[in-house]
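Residues 149 to 1144 (the numbering used here) are what the sequence shown spells out, left to right. Glycine included, C-beta positions come from ideal geometry on N, C-alpha and C.
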Amino acid sequence: MEQNQNIKQFNGQTRLPKFAIPDRYDLHLKPYLSVCTFSGTICIDLRIIEPTKFVVLNALELNIHGVLFTDSQNQQQFSPCDFVLDDDDEILLLVFEETLNAGDGMLRIDFSGILNEHLRGFYRCISMDGEHKKNMAVTQFEAVDARRCFPCWDEPALKATFKITIDLPLELIALSNMPIIDEKLNGNVKTVYFEESPLMSTYLVAVVIGLFDYVEDTTADGVYAHPRLWVKVRVYCPLGQANKGKYALSIAVKALDLFAEYFSMPYPLPKLDMVAVPEFSGGAMENYGLIIYRENELLYDDLQSTAARKQRVSNAAKLLLALLLLKWELNLASIAPHRKSRSMTIVVMHEVAHHWFGNLVTMEWWTHLWLNEGFATWISYMATDGLFPEWKIWTQFLQQTTGGLRLDALEGSHPIEVEVHQARSVNEIFDAISYKKGSAVIRMLQGYLGDGILQQCMNVYNVDMSFDTGSLFCYDCISCRDSFKTSQGLLFIPSLLSVERIACHCEVLTFVETLNEYGGVKGLKALSSYMEKYAWKNAKTEDLWSVLSAESGIQVNKMMDSWTKQKGYPVISVKSEDHFLEFEQSQFLSSGLHGEGKWIVPITLFLGSYNRRKNFLLESKFEKVDVSELFSSSDGYSGSFNEANEEKCSEFVWVKVNVEQSGFYRVNYEDKLAAQLRKAVEKNCLLATDKFGVLDDAFALCQACEISISSLLSLMNVYRKELDYAVLSKLIDVCYSVVEISIDAIPDAVNELKTFFINLLLFSAEKLGWESVPGEIHLNTMLRGEVYKALATFGHDKTHSEAMQRFESLLDDRATPLLSADTRKAAYIAIMRNASTTNRNGFESLLKILREADTVHEKERVLGCIASCPDSEIVLEVLNLLVSDEVRDQDIIYGLGGISLEGREIAWRWLKENWDLILNKYGDGLLITHFIRDIITPFCSNEKADEVTEFFATRATPGIAMNLKQSIEQVRIKARWVQSIKQESSLEEVISRLAC
């Protein structure tokens, strides 16, 4: 009885007890791919912190065959008298008869398990060897699934070194975090021994076993501020597809050099492998030295990759080049915007950056996950805009911001720093708060501190001299190289890129002017200081604020705690009175309620011109600001945009708060200011970022019933001639949402509303056409796909007719230029919108394309459109297809996200009938959250919210609890919006007028 009571003390605990701490793991795995099982032995070097009869570590879905503890001091061995595998708490509790003394020891555990099919832990997936299917084994341990592969202390703060050994069939390849140091053959089996790793958390351990081809390269040699070794980089691809990995390889090699300088820390491992696997639950995972990707995020195919995919390629390369150019003084104008070195996805850049921000310095607990993901997201956008402004990267970053704003406007949201009390609930915080809000508040902080504090992470060295034209040289210029030999204290900069022209001595002034836009060369290197202080350790959010505060002299934590420790964000209500503006903050909630939160808000505003700007901190609920000085101000914000628009905008005064949407908040203008701002949009007086923000804020306020839908539609009408990609994409998203709500609110006006939206888009459609033109910017290529897809969705007859003709050409020739990768979705949606149970020809043709597609990009494209049919029976057939063996588990997300509004009810009925099957097949992980969100959130009634609540009352699990709560809340928000719309008596007249 006493022992049982002692065991119960470990139930329900958030963290493991600290009786013992691991220092080193020696792991030997033996997978049996033909039967999808594995066995293993783990030897763990421990420090017993205090005398104990218990050792508690994590284990889940493992069979334990033997346990032995050896005291290192006297070599005495202890076998536990009992052990308990607790699946609820995911722990292995070892009970010893005798007390284990404080000191060092070694714990050996023999175990076995199943290679599961849930894409987590140690799992099986299938690759193709010609026409033959082959089992392969892959790991995915983040957040808390290393325990499914081997018993361990599965917490990020409990770092240790890892020595891994694997037995596998002779013909297969084994990959892990470190290089192979030895192989031994034994018949048809080989044993592969990997080098011991540096300190790392368990969630970063990785193993992949399968058949691959690869391409490889090494990082460049050069002179650096710290010792460096060459790093071997490989991209592992499916057999016969090695060429598709070359672009990623090129950018990864340069990225390693970049980030070593960026963070003032060398890459700590001798190799970096990146591997594309056929089934993966996320996009990619930054395992130390072995980044694992789903295939469509790593492999680049010129014919099948869309412009959106190419931009993810291009943005990463541009980011790399931006940082390299600022660090190594290459001439900005000499880099052509379409250089082959751009061929690297932004996903790769994100994952490589994690090797410093996440792997080297790791969050202390999952509460601080945003330190990993928010920073990695922000970094991928940071420098690109300064180098290539034509890409309008910060405008597109607003799509990240909007995702965070949307989720954080729910009562069921959570703070950036969220307490995690149950291991399985960690997966739910890999969401828009950690990634999108996290990166957005970093950008807001960047604007508040100034580039000289944060963007100094570009790591241009702080030199102890004045910066003049005689102190900067490049190695590739002979005259500069000669000068280097005789000069003292110079900044020596090796060139790593082959470019047409290198900026040297005579061009330094221009470079310095560019550099000063990023805060000058005497930046404080705050993030570098943070890296240096916490390398190989763990950190909390307050540790970062402490370093930034010390380096900047500004109490960063005072402002940032209000953004990271409480959920939500403010809406700033703005009124005008004479030469004063009145600002009032309150928590914004899509439900229309007002929370109790209060923030320190960095307010930025322009008044009538981008020449007249004011910044201040709103620290109280209400503040009245005198802006009289702005009416005569012309303070340096001039430029070509202002010059071109000043005359036509001077006849009225507009106020735009939250300049370029750099702050994480909404703005609600009084009617007079809103009308002036709408006029400014119509006359093209605003930058794209601000036009995006005006529309995004108006939509959010309308959904919260703060402004009428008539006002929203009138605002949308002034965007008719918009051609900016990000702004028009936002307009299209708003159109989709308004149609969705109108089906319930004003069903008789839906067709006329769609006509209005079609008319909004025809100007851009006519400008773009179906086919690209030589030399067009890639943003236009991306926009073409979005515009025609929307026209097809809204039922534009001419678009349907043209799309179906071009689809016929595709059936005859899969490489036809008449239907590019970017416009295929529009054609596929047109086909499905015209399909039915009595007219299945188009549907069958699309199924044929899906089954014959030899690229992951085309499969993804078809799956995203095939459930868009208005015939519910076809939708049901597609849903059954998604959970069949024909569709890989990872790919169900594309089909679920494309279900037609007409298919809502049958999809919900299907989910209820198949819930047990779905839960058993996909487990309680990331994939299942898509079933919840994509099938439930399209509904717009309280009755349906009640029905969902009742169904899941006895079925909700920790892994979906937050997602389920948020989804139900969104349904209730839309139900309230429906009722508000029904109260607008003149709405149908407004729609009729706009549709003309």
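Kindly list the residues whose CB is nearer than 7 Å to the CB of residue i, restricted to its own chain and excluding five residues on each side of it in sequence; keep chain order.
| i | result |
| --- | --- |
| Tyr-372 | At Tyr-372 the pLDDT is 31, less than 50, meaning the model places this residue with poor confidence and gives no usable figure here. |
| Thr-971 | Trp-918, Arg-932, Gly-933, Tyr-936 |
| Cys-183 | First, the residue type needs correcting, since residue 183 is Val and not Cys in the sequence shown. Correct list: empty, nothing qualifies. |
| Asn-1111 | Glu-576, Thr-1077, Ile-1080, Arg-1081 |
| His-742 | Ser-734, Gln-735 |
| Asp-556 | Ile-581, Lys-585, Lys-715, Gly-716, Tyr-717 |
| Lys-112 | Because the chain is modelled from 149 through 1144, residue 112 falls outside the range shown and cannot be assessed. |
Once DSSP output is grouped into helix, strand and coil, what is the label at residue i?
| i | result |
| --- | --- |
| Phe-148 | Residue 148 is absent from the structure shown; the chain starts at 149 and stops at 1144. |
| Arg-1120 | helix |
| Leu-1142 | helix |
| Ser-856 | coil |
| Met-254 | strand |
| Phe-360 | coil |
| Val-1126 | helix |
| Tyr-448 | coil |
| Val-875 | helix |
| Ser-721 | strand |
| Glu-412 | For the record, residue 412 in the displayed sequence is Ser; it is not Glu. Here Ser-412 sits in coil by DSSP. |
| Thr-200 | strand |
| Leu-998 | helix |
| Met-679 | helix |
| Pro-750 | strand |
| Ser-587 | helix |
| Glu-992 | helix |
| Ser-984 | strand |
| Asn-832 | coil |
| Val-292 | coil |
Identify, in the order they occur along the chain, each residue of the same chain with its Cβ nearer than 8 Å to the Cβ of residue i, setting aside the five sequence neighbours on each side.
| i | result |
| --- | --- |
| Gly-784 | For Gly-784, the predicted model reports a pLDDT of 43, less than 50, meaning its position is unreliable; a value from the coordinates is still stated below. Same-chain partners within the cutoff: Asn-759. |
| Asn-159 | Asp-234, Asp-236, Asp-237 |
What residue range does the beta strand (DSSP E) around residue i cover?
| i | result |
| --- | --- |
| Ala-424 | 419 to 425 |
| Tyr-271 | 269 to 277 |
| Arg-761 | 761 to 766 |
| Lys-282 | 280 to 288 |
| Asp-774 | 770 to 774 |
| Tyr-817 | 814 to 817 |
| Lys-804 | 803 to 805 |
What residue range does the alpha helix (DSSP H) around residue i cover?
| i | result |
| --- | --- |
| Cys-191 | No alpha helix (DSSP H) holds Cys-191; the beta strand (DSSP E) holding it covers 185 to 196. |
| Cys-1013 | 1004 to 1013 |
| Arg-1057 | 1052 to 1061 |
| Tyr-867 | Where Tyr-867 is concerned, there is no enclosing alpha helix (DSSP H), given that its DSSP letter is neither H nor E. |
| Gln-548 | 541 to 556 |
| His-498 | 494 to 501 |
| Gln-703 | It is not in any alpha helix (DSSP H) - Gln-703 carries neither H nor E in the DSSP assignment. |
Quickly, what does DSSP pair residue i with across the bridge? List them, please.
| i | result |
| --- | --- |
| Glu-239 | In the sequence under discussion, the amino acid at residue 239 is Ile, which differs from the Glu named in the question. Ile-239 pairs with Asn-206, Asp-234. |
| Pro-317 | Val-337 |
| Ile-440 | Val-423, Met-433 |
| Gly-176 | First, the amino acid is wrong: residue 176 is His here, not Gly. Per DSSP, Thr-189, Thr-313. |
| Lys-166 | DSSP, once it has assigned bridges, lists no residue as partnering Lys-166. |
| Ile-212 | Phe-259 |
| Met-348 | Ala-308 |
| Glu-732 | Ser-721, Phe-770 |
| Tyr-384 | Tyr-362, Val-423 |
| Asn-391 | Asn-391 pairs with nothing; no bridge assigned. |
| Val-355 | Ser-324 |
| Lys-332 | Thr-339 |
| Thr-367 | Per DSSP, none; premise fails for Thr-367. |
Enumerate in chain order the residues of its own chain whose CB-to-CB distance from residue i is below 6 Å, with the five nearest sequence positions on each side excluded.
| i | result |
| --- | --- |
| Gly-787 | Bear in mind that a pLDDT of 38 at Gly-787, under 50, signals an unreliable position, so the model cannot answer this. |
| Lys-869 | Phe-911 |
| Asp-174 | Cys-191, Lys-311 |
| Ala-975 | Ala-951, Arg-954, Phe-955, Leu-967 |
| Thr-313 | His-176, Tyr-341 |
| His-516 | Lys-688, Thr-689 |
| message | Three Cβ pairs or more, each shorter than 8 Å: is that satisfied between the stretch 271 to 284 and the stretch 226 to 239? | response | Contact between the stretch 271 to 284 and the stretch 226 to 239 is absent, because fewer than three Cβ pairs lie under 8 Å.
| Sufficient close CB pairs (3 or more, under 8 Å) joining the stretch 502 to 510 to the stretch 423 to 435 | The answer is yes - the stretch 423 to 435 touches the stretch 502 to 510, with three or more Cβ pairs under 8 Å.
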